[in-house]
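Residue numbers (the numbering used here), protein chains in the order written: chain A, 1 to 346; chain B, 347 to 692. Only one structure is covered here, and it is reproduced in the block below.
Protein chains: 2
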Amino acid sequence: MFEEFLDNKNSWINQGDSSPGVVFSSRLRLARNLSDFFFPSCLGPEAVEKLIDRFKDPSSYLGGNGNFAFIRMADLNVIDKEFLLERHLISRNFFSMNKGGLVFSQDERVSVMVSEEDHLRIQVVEAGFNLEKGWQKLNKVDDQISQSFDYAFLPELGYLTSCPTNTGTALRASCMLHLPGLILTQKIEKVFNFLNKISFTIRGLFGEGSQALGNFFQISNQISLGLKEEEVIDNLTRVVTQVIQHELDARQALQAKHKISLEDIVWRALGIARNSRLINCKEALAHLSALFLGIDLGIIKDIEKETVNNLFIVIQSAHLQKLEGKPLNRNERDYFRAEMLREKLN
Amino acid sequence: MFEEFLDNKNSWINQGDSSPGVVFSSRLRLARNLSDFFFPSCLGPEAVEKLIDRFKDPSSYLGGNGNFAFIRMADLNVIDKEFLLERHLISRNFFSMNKGGLVFSQDERVSVMVSEEDHLRIQVVEAGFNLEKGWQKLNKVDDQISQSFDYAFLPELGYLTSCPTNTGTALRASCMLHLPGLILTQKIEKVFNFLNKISFTIRGLFGEGSQALGNFFQISNQISLGLKEEEVIDNLTRVVTQVIQHELDARQALQAKHKISLEDIVWRALGIARNSRLINCKEALAHLSALFLGIDLGIIKDIEKETVNNLFIVIQSAHLQKLEGKPLNRNERDYFRAEMLREKLN
């Protein structure tokens, strides 16, 4: 399953911004609940099935010339589910639940988790720093769905959600930032403390509770209630713009004061990525992060940024297993990961 | 000074054995004292000068068509002295003493420290496992010197030396072994315990008290008194032959059971050596050790063993400073060391 995604030229994953990029992707999601079902946590298995059934035919409520597909999570094996997680199409929470369904567009920009924490978690992802574009698309998808379904909504509160912190617009916007400069200059903590103070959340590569692999950090709004959608987006845009500037300043300082050390980090990363025979995911992400930085700063000139963009995704465990067409143990994954890095970077 | 050594094609350093080599070099030294001087530790500065003066014209007692040179240690700056240490022409002890003189042949195979712990420490070095050849040469040099000087010798004890453990033949024989296989298979300690039990000494790259850099270990005889020269050499030859076999067995086991991990270590070392921009001596030696092993095992095919042989010596601090023609701080040395590795290995 999903093999067609591995070489999906339409996917946002393969259309990364090639300009000196701090923002890897922009993501927006709306939580929506139907008025005639309890929240998912209170639904028994049969009710969940009934809920899912309502969304099993995306063309009926999203149109789109068959561009949308639907799958039941229970029909997937663990590698399939991990694969979706690695492509950021489902949440870690949804991955663990092993129920519900997923609606997704062929370009992987739109996905709807059915029966996650809320009945619907509608998500739009765009490559690069494109919150406004993403919001336009998400708003449109939300409008379309709302024409076929009756959302739980109270004029004085807004959209009702399973967790009260989401109530209101139920919009969460986030950007995935690549911040090696702030890490290397040890300024990251200062920036994060500031973000916390003004109520923004910082998380690792896979959201809640995940590690900051490959120097990737996800910044999102903590407060939704009482704000209009445009305010949520404007606030995040303003904050991310500031973090980008800090990151670019840090990179400039590194180039001015630690040019050789910086080049050393970048070239060693390339040397290892081009030569290793066994490499785990965490180490590979660290080297790809250094390559990404090296390309941004013009230290490395013979590697396309798109290549590294894509490697960030495909060196992950489930992707390697999809590519090899069989389950792999840890050692085998380390072997094929190293092989893939050598192939794509040499 | 000594710039001519940097590209000395005659030096044993550039004539390493190109067969799968465990033994990097074989070294033999004799301690000799003149009968009409106190031991060096009891000599005042003037007496030391008188002693040195006797040896300042090597052609008068060694002949050799001007192939031998003489220098006073006090005439050398610290980089010059470190340079001699790095080429194993003087001992660490002699380096620190800052007095005495050195006689050495142009091919660096023969050197005589005058007024180290004994009046004379006569040394011969050969590349590879060549104790017998080295001993023939050393014996000849000793005979020549003894024709011009009167050694302190007692028929019942043999040659008298400053430290009683050397008395007798006053011969110390040692081999420098490259033992990455025993390190990787974690069998090195077992081998060392055995060697200690049968009274052989194991030391690091620069003899007494030095670290085992680059997986190099020096094995030498502990007991000299009561043994004939040939017995000392035979004993060491037998023991080193055993250690070589253990090392080759370890390498074979690694190739049979951990082929990919081994290749990973070797290729990563090459990747880093070919790409780094800053590298300290200890790390560089570790990677060169892996390359050496990789060439021996046929994993790396496009690098000459002689290149790595030579790099082991020239990446050292004083060598780098000689090559650049100026004193370098630690950061500069790391920079030029990385540059040298890239140049020679790409």
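Here a beta-carbon is modelled for each residue, glycine too, at the ideal position from N, C-alpha and C. The model shown is predicted, which means the values in this text are computed figures rather than measured ones.
Does any residue of chain A bring its CB to less than 9 Å from the CB of Ala684 of chain B? To locate residue 684 of chain B, count along the second sequence from 1; it is residue 338. It does: the Cβ of Ala684 of chain B has a partner Cβ on chain A nearer than 9 Å.
Beta-bridge partners of Asn221 of chain A, as assigned by DSSP: Start at 1 with the first residue of the first sequence, and residue 221 of chain A comes out as number 221. According to DSSP, which records beta bridges pairwise, Asn221 of chain A is partnered with A:Phe200.
Apart from the five residues just before and just after Asn413 of chain B, which ones in its own chain have a Cβ nearer than 6 Å to its Cβ? The residue you call residue 413 of chain B lines up with position 67 of the second sequence. Excluding residues within five positions, the ones whose Cβ falls inside 6 Å are Ser451, Gln452.
When you compare only the Cα positions, how much space is there between Thr167 of chain A and Glu609 of chain B? If you number the first sequence from 1, residue 167 of chain A lands on position 167. If you number the second sequence from 1, residue 609 of chain B lands on position 263. Cα-Cα distance, rounded: 56 Å.
Residue range of the alpha helix (DSSP H) that Ala250 of chain A falls in? On the first sequence, residue 250 of chain A is found 250 positions in, with the first residue counted as 1. 229-257 is the span of the alpha helix (DSSP H), which, as asked, contains Ala250 of chain A.
For the beta strand (DSSP E) containing Phe68 of chain A, name the first residue and the last one. In the first sequence, the residue the question calls residue 68 of chain A occupies position 68. Where Phe68 of chain A is concerned, the enclosing beta strand (DSSP E) stretches over 68-72.
Pair every Cβ in the stretch 462-474 of chain B with every Cβ in the stretch 565-575 of chain B, then say whether three or more of these pairs are closer than 8 Å. no
Assigned exposure category for Leu503 of chain B - 16 Cβ within 10 Å defines buried: The residue labelled residue 503 of chain B in the question sits at position 157 within the second sequence. Leu503 of chain B should be labelled exposed.
According to DSSP, is Gly226 of chain A part of a helix, a strand, or is it coil? Your numbering for residue 226 of chain A matches position 226 in the first sequence. DSSP places Gly226 of chain A in coil when its eight states are reduced to three.
Can you list, in chain order, the residues of its chain with a C-beta nearer than 7 Å to that of Gly181 of chain A? Leave out the 5 residues immediately preceding and following it. One-based indexing of the first sequence puts residue 181 of chain A at position 181. Correct list, in chain order: Glu247, Ala250, Arg251, Leu254.
Any contact between the stretch 236-244 of chain A and the stretch 216-224 of chain A? By contact I mean 3 or more CB pairs, one from each, below 8 Å. yes
When the Cβ atoms of the stretch 541-551 of chain B are set against those of the stretch 409-428 of chain B, are three or more pairs found closer than 8 Å? no
For Ile122 of chain A, report the span of its beta strand (DSSP E) as first-last. In the first sequence, residue 122 of chain A corresponds to position 122, counting from 1. Ile122 of chain A -> beta strand (DSSP E) spans 120-127.
Whose C-beta lies closer than 6 Å to the C-beta of Phe370 of chain B among residues of the same chain, with five residues either side of it excluded? Looking up residue 370 of chain B in the second sequence gives position 24. These residues qualify, in order along the chain: Met522, His524.
Smallest Cα separation from Leu102 of chain A: which of A:Leu278, A:Glu4, A:Ala74, A:Met113? Reading the first sequence from its first residue, position 102 is the one you call residue 102 of chain A. Looking at the Cα atoms, A:Met113 is the closest of the given residues.
Between Glu4 of chain A and Ala318 of chain A, which are expected to be in contact by the criterion C-beta below 8 Å, what is the C-beta distance as a whole number of angstroms? If you number the first sequence from 1, residue 4 of chain A lands on position 4. If you number the first sequence from 1, residue 318 of chain A lands on position 318. Glu4 of chain A to Ala318 of chain A, Cβ: 15 Å. No contact.
Just mark Arg683 of chain B as buried or exposed, buried being the case when its beta carbon has 16 or more other beta carbons within 10 Å. As a position in the second sequence, residue 683 of chain B is number 337, starting the count at 1. So Arg683 of chain B counts as buried.
What whole-angstrom Cβ distance do Ile272 of chain A and His287 of chain A have, given they're in contact under 8 Å? Here residue 272 of chain A is taken as the residue at index 272 of the first sequence, counted from 1. Here residue 287 of chain A is taken as the residue at index 287 of the first sequence, counted from 1. 6 Å between Cβ atoms; contact.
Could you name the residues that DSSP lists as bridge partners for Phe499 of chain B? As a working note, residue 499 of chain B is residue 153 in the second sequence. Beta-bridge pairing links Phe499 of chain B to B:Tyr505.
Determine the closest residue to Asn331 of chain A out of B:His604, B:Gly474, B:Arg620, B:Thr515, with distance taken between C-alpha atoms. The residue given as residue 331 of chain A occupies position 331 in the first sequence. Here the closest residue by C-alpha is B:His604.
Asn33 of chain A and Ser162 of chain A closer than 9 Å at C-beta: Numbered from 1 along the first sequence, position 33 holds the residue referred to as residue 33 of chain A. Numbered from 1 along the first sequence, position 162 holds the residue referred to as residue 162 of chain A. Closer than 9 Å, so yes.
Mind checking who Leu323 of chain A pairs with in its DSSP beta bridge? Locating residue 323 of chain A in the first sequence gives position 323, where the first residue counts as 1. DSSP lists no partner for Leu323 of chain A.
Assuming Arg620 of chain B contacts Tyr681 of chain B under a Cβ cut-off of 8 Å, what Cβ separation, rounded to an integer in Å, is found between them? By one-based count along the second sequence, residue 620 of chain B stands at place 274. By one-based count along the second sequence, residue 681 of chain B stands at place 335. Contact doesn't hold; Cβ gap of about 16 Å is too wide.
Rounded to a whole number of angstroms, what is the C-alpha to C-alpha distance between Lys690 of chain B and Phe658 of chain B? Position 344 of the second sequence, counted from the start, is the residue given in the question as residue 690 of chain B. Position 312 of the second sequence, counted from the start, is the residue given in the question as residue 658 of chain B. So the alpha carbons of these two residues sit roughly 12 Å apart.
What's the C-alpha gap between Gln482 of chain B and Gly409 of chain B? Taking the second sequence and counting its residues from 1, one reaches residue 482 of chain B at position 136. Taking the second sequence and counting its residues from 1, one reaches residue 409 of chain B at position 63. Distance between the alpha carbons of Gln482 of chain B and Gly409 of chain B is about 17 Å.
Over what stretch of residues does the alpha helix (DSSP H) that includes Phe38 of chain A continue unbroken? As a first step, residue 38 of chain A is located in the first sequence; it is residue number 38 there, counting from the start. Per DSSP, Phe38 of chain A belongs to no alpha helix (DSSP H) and is neither H nor E.
In chain A, what lies closer than 8 Å to Tyr497 of chain B by C-beta? Locating residue 497 of chain B in the second sequence gives position 151, counting from the first residue. Within 8 Å Cβ-Cβ: nothing; Tyr497 of chain B doesn't reach chain A, min ~54 Å.
Quick check: is the beta carbon of Trp267 of chain A nearer than 9 Å to any beta carbon in chain B? Here residue 267 of chain A refers to the residue found at position 267 when the first sequence is read from its first residue. So, interface residue.
For Pro40 of chain A, which residues in the same chain have their Cβ closer than 6 Å to its Cβ, ignoring the five residues on either side in sequence? What you label residue 40 of chain A is simply residue 40 of the first sequence in a count that begins at 1. Within the same chain, Pro40 of chain A has close Cβ partners Ser115.
Can you check whether the C-beta of Gly181 of chain A is within less than 9 Å of a C-beta belonging to chain B? The residue given as residue 181 of chain A occupies position 181 in the first sequence. Chain B, which has no Cβ nearer than 9 Å to the Cβ of Gly181 of chain A, makes this no.
Check whether Leu131 of chain A and Ile233 of chain A have beta carbons under 9 Å apart: Working through the first sequence from its first residue, we reach residue 131 of chain A at position 131. Working through the first sequence from its first residue, we reach residue 233 of chain A at position 233. Cβ distance < 9 Å, so Leu131 of chain A and Ile233 of chain A count as in contact.
Based on the DSSP output, what are the partners of Pro377 of chain B in its beta bridges? Translated into the one-based positions of the second sequence, residue 377 of chain B becomes position 31. In the sequence as presented, Pro is not what sits at residue 377 of chain B; that position holds Ala. BP columns for Ala377 of chain B point to B:Arg467.
CB contact flag (Gly128 of chain A, Gly21 of chain A, <9 Å): On the first sequence, position 128 is the one that residue 128 of chain A refers to. On the first sequence, position 21 is the one that residue 21 of chain A refers to. A contact, by the Cβ cut-off of 9 Å.
Contacts that Leu616 of chain B makes with chain A (C-beta to C-beta distance below 7 Å): Counted from its first residue, the second sequence places residue 616 of chain B at position 270. Those are Asn275, listed as they occur along chain A.
In chain order, what residues of the same chain have a beta carbon less than 8 Å from the beta carbon of Ala516 of chain B, not counting five sequence neighbours either side? Position 170 of the second sequence holds residue 516 of chain B. Once the five neighbours on either side are set aside, the close Cβ partners of Ala516 of chain B are Leu376, Ala377, Arg378, Asp464, Gly504, Tyr505, Thr507, Ser570.
Beta carbons nearer than 7 Å to chain B: which residues of the stretch 247-267 of chain A have them? Ile260, Ser261, Glu263, Asp264, Trp267
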